[in-house]
Amino acid sequence: MNPPRKKSKFNILLADDGSEHARAAITMICDLPLPSKCQITVFRIFASTQASEVTKLEESLVQTCAILRNKGVDTKSELMLGYPAEKIIEYSEQCKPDLIVMGAKGLWATFGILLGRVAQQVVEYACCPVMVVRAPYGGLRRILLVTDGSPSSQQSVNYLDKFPLPAGIKLWIMNVLPPPPIPVIIPDAYHTGLTIMEPLPISEEIAAYRAKEEVEGQALLDQTVKTLKTYGLVANPVLKRGDAATEIINYIKEHKIDMVITGSRGLSQFKSWLLGSVSRKLVHYSGCSVLVFRGRQPV
C-alpha cells in the first residue's frame with residue numbers, strides 16, 4: 002500500500018459530454034487527492050444542430066462544476082461550438098494542462114465499440130497526457146505501469162512524481178520481453194489433417210541473448226522501482242515474455258487492474274506513427290481506464 006504523498010500544482014482539462022463514461026471520469030477525478038492550487042476546466046463542445054440546447058448544456062456544466070467544487074477544487078467551465086476532438090486539442094495546446102481527462106465513449110457511440118472516435122483522436126494527437134476513463138468506475142485501487150526503457154515510458158515514470166495518486170493504491174510495473182521464435186509447422190505424414198509443431202532448436206548464442214534480455218529487463222524494473230521509491234511510491238516488478246499487448250491485457254484481466262499507465266510510443270515504433278501499436282491496443286482493448294503519457298513536443 003502506498004502512503005499519502007506531497008501535493009503540487011496540477012491542472013486538468015475535463016471533457017464532459019454528459020455520457021456515462023464522462024460521469025465515470027468525474028467520479029475518478031473526485032477520488033484523486035488534488036492539491037488546493039489545482040484548477041479543473043470543464044470543457045463541453047456542441048454542434049450547430051444543438052443551438053437550441055445551449056441553456057440545457059450550460060446547466061449541465063454548472064452541475065459538474067458544483068460536484069468538483071464540493072471537493073474543494075477551483076473549477077471553471079467552457080462551452081464551445083465546433084468539432085469535439087479538434088476543440089479539445091486546440092484548447093489544450095493553448096492552456097497546456099497537466100492532464101486531459103475524458104470518457105472512453107460519448108453519448109452517441111455505436112453499440113459494441115470499445116473506444117469512441119473523439120477519445121481515439123484526442124489520444125492520438127494531444128500534446129499532453131490523456132486519461133481515458135471507462136464505465137462502470139469502481140474506484141482506483143490497482144494500477145499497472147508499463148515500461149520498456151523508451152524515452153516515452155521513462156517520461157511516464159517521471160510523470161508519477163506529480164500525478165496525484167490516491168493513498169493505499171497497489172502499483173505494479175511491467176516489462177515485456179520479445180516473444181520466442183514461432184515454432185516450425187510440419188504437415189502430418191499420415192495425412193490425418195493434423196500438424197506437428199516442432200520447436201526451433203535454441204543455439205547457445207540465442208540462449209545467451211535471451212538470458213541477457215532477462216537480466217536487462219529485470220535491471221530496468223529494479224531501477225524503475227528505485228525511482229518510484231524516491232517519489233514515495235512502492236511498486237511490484239513484473240517481468241514477462243511474449244507479445245507485449247497480449248501479456249499486458251491478460252495481466253490486467255487476471256489482476257483486476259483499474260488503470261494502466263503507458264507511454265505513447267515504445268522502442269520499436271516507426272517515427273511516422275503518432276501512437277505506438279501497443280499503446281493503441283491498450284486504449285482500445287484493455288477493458289480498464291488508460292493513462293497515455295505524451296510529453297510536450299518541442300516547438
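For the sequence shown, the working numbering begins at 2 and goes up steadily by one. For each residue, glycine too, the CB sits at the ideal point set by N, CA and C. As the structure is a computational prediction, the values presented were derived from the model and not from experiment.
Here's a check: name, in chain order, each residue in its chain whose Cβ is nearer than 8 Å to the Cβ of residue i, leaving out the five neighbours to either side.
| i | result |
| --- | --- |
| Ile250 | Lys282, Leu283, Tyr286, Ser287 and Gly288 |
| Val43 | Leu15, Asp17, Leu62, Thr65, Cys66, Leu69, Thr76, Lys77, Ser78 and Glu79 |
| Val55 | Phe47 and Leu80 |
Go ahead and pull the three-state DSSP assignment for residue i.
| i | result |
| --- | --- |
| Phe112 | Unreliable placement is indicated for Phe112, whose pLDDT of 45 sits below 50; the coordinate value is still reported in the next sentence. Coil at Phe112, not helix or strand. |
| Ala168 | coil |
| Ser1 | An answer regarding residue 1 cannot be provided, because it is not within the stretch 2 to 300 covered by the chain. |
| Asp223 | helix |
| Val123 | helix |
| Asp162 | coil |
| Val147 | strand |
| Val63 | helix |
| Ser287 | coil |
| Ile253 | helix |
| Gly104 | strand |
| Gly218 | helix |
| Arg242 | strand |
| Ile27 | helix |
| Leu234 | coil |
| Lys10 | coil |
| Ser78 | strand |
| Ala136 | coil |
| Arg339 | The question about residue 339 has no answer here: the residues shown for the chain are numbered 2 through 300. |
| Val293 | strand |
| Ile46 | strand |
| Ile258 | coil |
How big is the Cα-Cα spacing for residue i and residue j?
| i | j | result |
| --- | --- | --- |
| Asp259 | Tyr210 | 35 Å |
| Ile27 | Gln219 | 37 Å |
| Asp149 | Lys72 | 36 Å |
| Ser280 | Val293 | 7 Å |
| Val124 | Glu205 | 43 Å |
| Ala110 | Gln121 | Here Ala110 scores only 49 on pLDDT, less than 50, and its place in the model is too uncertain to base an answer on. |
| Ala312 | Leu146 | Only positions 2 to 300 of the chain appear in the structure, and residue 312 is not among them; the question remains open. |
| Ala48 | Lys57 | 14 Å |
| Glu217 | Met103 | 36 Å |
| Leu234 | Gly83 | 41 Å |
| Gly139 | Ala236 | 21 Å |
| Arg45 | Gln51 | 12 Å |
| His256 | Ile144 | 10 Å |
| Asn159 | Glu21 | 31 Å |
| Ala208 | Gln224 | 24 Å |
| Ser53 | Tyr126 | 31 Å |
| Val131 | Ser151 | 18 Å |
Verify whether the separation of the beta carbon atoms of residue i and residue j is less than 7 Å.
| i | j | result |
| --- | --- | --- |
| Ser78 | Cys96 | no |
| Pro167 | Pro85 | no |
| Ile89 | Ala16 | yes |
| Val133 | Val291 | yes |
| Ile13 | Leu100 | yes |
| Cys128 | Glu94 | yes |
| Tyr232 | Leu161 | yes |
| Arg295 | Ser265 | yes |
Quick check on this structure: which residue in the options has the alpha carbon closest to the alpha carbon of residue i?
| i | options | result |
| --- | --- | --- |
| Gln156 | Ala246, Thr228, Ala120 and Arg242 | Thr228 |
| Ile68 | Ala25, Gln51, Glu91 and Gly104 | Ala25 |
| Asn3 | Arg142, Gly243, Glu205 and Thr148 | Arg142 |
| Val239 | Glu215, Lys72 and Cys39 | Glu215 |
| Val63 | Glu54, Cys39 and Thr76 | Thr76 |
| Cys31 | Lys230, Pro165, Ser265 and Ala105 | Pro165 |
| Ile253 | Leu82, Ala208, Leu172 and Ala212 | Leu172 |
| Arg135 | Pro152, Tyr126, Ser151 and Gly117 | Gly117 |
| Ser37 | Val55, Arg70, Glu21 and Gln51 | Arg70 |
| Met29 | Ser53, Pro137, Tyr126 and Val55 | Pro137 |
Just to confirm my understanding: we take residue i, look at its own chain, exclude 5 residues before and 5 after, and list those with CB closer than 6 Å. What are they?
| i | result |
| --- | --- |
| Cys39 | Phe11 and Val74 |
| Ser61 | Gly19 |
| Asp244 | Pro180 |
| Ala246 | Val279 and Lys282 |
| Ala212 | none |
Which same chain residues end up closer than 7 Å to residue i when comparing Cβ atoms and leaving out the 5 residues on each side of it in sequence?
| i | result |
| --- | --- |
| Glu59 | Leu80 |
| Asn176 | Thr148, Asp149, Gly218, Leu221, Leu222 and Leu240 |
| Val226 | Ile174, Ala236 and Pro238 |
| Glu248 | Val177 and Lys241 |
| Lys230 | none |
Could you check if residue i belongs to the surroundings of the ligand COA, using beta carbon to heavy atom distance under 6 Å?
| i | result |
| --- | --- |
| Gly117 | Among the components of this structure there are no ligands whatsoever, and the ligand COA is therefore not found. |
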